[in-house]
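What follows is a short report on a single structure.
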Amino acid sequence: MAPTFTFLFKPADTDNTCKKLFSFDLQKEGGCVYINSLTIEGDKGCVGHPKTISALLKGRNIGELPVEELSVCTCARDISCGQQVAKALQQIKNGGELCSNRP
853 MAPTFTFLFK PADTDNTCKK LFSFDLQKEG GCVYINSLTI EGDKGCVGHP KTISALLKGR
913 NIGELPVEEL SVCTCARDIS CGQQVAKALQ QIKNGGELCS NRP
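Numbering (the numbering used here) for the sequence shown: 853 to 955.
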């Protein structure tokens, strides 16, 4: 079974965004990184967009995701969930630190 990892993305304190923690459960397989799940946490803002984003990313290869398209999605806040996810995905692609999920 391929190893799984967690990547935590916390937006900057200065970012005007509703959600405060993006937790990616990832799996490396055959040189690719796949998203097993994404949990978006925060006590403000809508619940629909984070659920939709999480559902759309589940099982996807990070290398094939439209990061540029996510980075231009806007909302009432200065920085949308989609823009935050784009930042996180870019960090993962650039070799962000992955924490091993060991039982």
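Where is the CB? At the ideal position from N, CA and C, for every residue including glycine.
### Query
Taking DSSP as the reference, what is the three-state secondary structure of residue 856?
strand
### Query
If you drop the 5 nearest sequence neighbours on each side, which residues of the same chain put their C-beta closer than 7 Å to that of residue 937?
874, 905 and 922
### Task
Would you list the one or two residues that DSSP bridges to residue 892?
874
#### Entry: Residue range of the alpha helix (DSSP H) that includes residue 882
It is not in any alpha helix (DSSP H) - residue 882 carries neither H nor E in the DSSP assignment.
### Query
Out of curiosity, what's the CA-to-CA distance linking residue 855 and residue 901?
29 Å
### Message
Tell me which residue opens and which closes the alpha helix (DSSP H) that residue 907 is part of.
### Response
900-909
### Task
Look at the Cβ atom of residue 887, then the Cβ atom of residue 933, and state whether they are nearer than 8 Å.
no
### Task
Since I believe residue 924 is in contact with residue 942 (beta carbons under 8 Å), could you give me their beta-carbon distance rounded to a whole number of angstroms?
Contact flag wrong, Cβ pair sits at about 14 Å.
### Message
Pop quiz: residue 869 and residue 944 are said to be a contact at Cβ under 8 Å. What is the actual Cβ separation, rounded to whole angstroms?
### Response
Contact doesn't hold; Cβ gap of about 18 Å is too wide.
### Task
With residue 917 as the anchor, note down where its alpha helix (DSSP H) starts and where it stops.
No alpha helix (DSSP H) contains residue 917, which DSSP labels as neither H nor E.
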